[in-house]
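To keep things clear, I will list the structure first and then write my remarks on it.
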Amino acid sequence: MALKKVLTIAGSDTSAGAGMQADLKTFQEHDTYGMVALAAVVTMDPKTWAHDVTPLPLDLLDKQLNTAISIGPDAIKTGMLGSEEVIKRARQAYDESGSEIFVVDPVMVCKGDDEVLNPGNTEAMIKELLPKATVVTPNLFEAGQLSGLGKLTTIDDMKKAAEKIHELGAQYIVIKGGKALESDKAYDLYYNGQKHVLLSTDKFQSSYNHGAGCTFAAATTANLANGETPEEAVKHAKAFVASAIKNGWKMNDFVGPVDHGASNRIEKIEVYTEEV
Ligand SMILES: Nc1ncnc2c1ncn2[C@@H]1O[C@H](COP(=O)(O)OP(=O)(O)O)[C@@H](O)[C@H]1O
Ligand SMILES: Cc1ncc(COP(=O)(O)O)c(C=O)c1O
Ligand SMILES: [Mg+2]
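Take the sequence shown: its position 209, counted from the start at 1, is 209 in the numbering used here, and no numbers get skipped.
Written as structure tokens, this is what we have:
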């Protein structure tokens, strides 16, 4: 059977734990044909690991999108887009593609920061991406920004935020409590407009988790392309990323990426679900 074709519109993380590198590795682990349209390149200062984001020229993004769309992606994922203009192009590309699966990972910050890179992007994501999103995968901070509820600290807050984001047009929402929620387990909240489902795994080490968010959204996208329901897709993506985090590794004094292949190569992790 032909592989499903999955396109990511994202940034390049040169350290290769996150961004389009995480997406392509994860697509491959899910037996899909990964493709990329690159919006920006992130490089790191070797001495301080300070991030530098270089946007690619828009006409170059357009050419990539034209090429990729002509191949006929079965599903499209967005990652770090960087500017309102790029956000708009991503939405147009999805509209033109004829694909019916659009996973929006609303990347606003890199790990540890809680200052939005460009506040105009949040408005653009709300206007352009959420009304089209099959699944949107904000972390706790991003869910607070998209919902307008600000800082979220409890599962109840997450439920309220998910309902707001659903009103903004996203069909399925999963808010990653993950690393940011103070709790003994790694909790994510899934909402389909009717019911809230709390997904949990054990909480593993959290020093070497670079790329966890991208990996989770990419796995969700691949699972949907392979025909899973949104709830299955998210649950299996969580199991996949939990193993990747458990087996994360130290790259240098600043960062450690997840092991994108751990779920297939090393161990499966169990995910528990509960309606809340
Ligand atoms: N220490 C951890 N142990 C297990 N799962 C985790 C841990 N930290 C995050 N996760 C899971 O990894 C996924 C990505 O979450 P998170 O790291 O919070 O996102 P982001 O990278 O976008 O900030 C979520 O499914 C989350 O629950
Ligand atoms: C290009 C790119 N996309 C996305 C992210 C977000 O990564 P995460 O999966 O850790 O949320 C980063 C973080 O460094 C990045 O460099
Ligand atoms: Mg993220």
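All C-beta atoms, glycine included, are put in the ideal place defined by N, C-alpha and C.
Which listed residue (A18, Y191, N192) has its alpha carbon closest to that of A10: A18
Which term fits K5, buried or exposed, when burial requires 16 or more other beta carbons within 10 angstroms of its beta carbon? buried
Thinking C-beta only, is A262 closer than 8 Å to A244? yes
Own chain, CB closer than 7 Å to A170, minus 5 neighbours either side, in chain order: L130, A133, V136
Cα-Cα, which of K164, V241, F141, P57 is closest to T153? F141
Taking the beta carbon of Q194 as the centre, do at least 16 other beta carbons fall within 10 Å, making it buried, or is it exposed? exposed
Nearest-angstrom Cα separation, counted from H210 out to L60: 28 Å
Using a Cβ-Cβ cutoff of less than 7 Å, which residues in the same chain neighbour A217 once the five nearest sequence positions on both sides are dropped? K77, V103, D105, T137
Just how far apart, CA to CA, sit E267 and T201? 14 Å
When you measure from the CB of D105 to every non-hydrogen atom of ligand 3, does any distance come out below 7 Å? yes
Going by other Cβ atoms of all chains shown within 10 Å of its Cβ, with 16 needed for buried, is I269 buried or exposed? buried
Output yes or no for whether 8 Å exceeds the beta carbon distance between A40 and P55. yes
Would you decide whether Y191 is buried or exposed? Buried here means 16 or more other CB atoms lie within 10 Å of its CB. buried
R265 (DSSP reduced to helix, strand or coil): helix
Cα-Cα separation, K185 to Q205: 11 Å
Which whole-angstrom value is the C-beta distance of L199 and I155, which I expect to be below 8 Å? Not a contact, Cβ separation roughly 11 Å.
Beta-carbon proximity list for P124, same chain, < 6 Å, skipping 5 on both sides: Reading the sequence as shown, one finds Ala at residue 124 and not Pro. So the qualifying residues of the chain are E84, I87.
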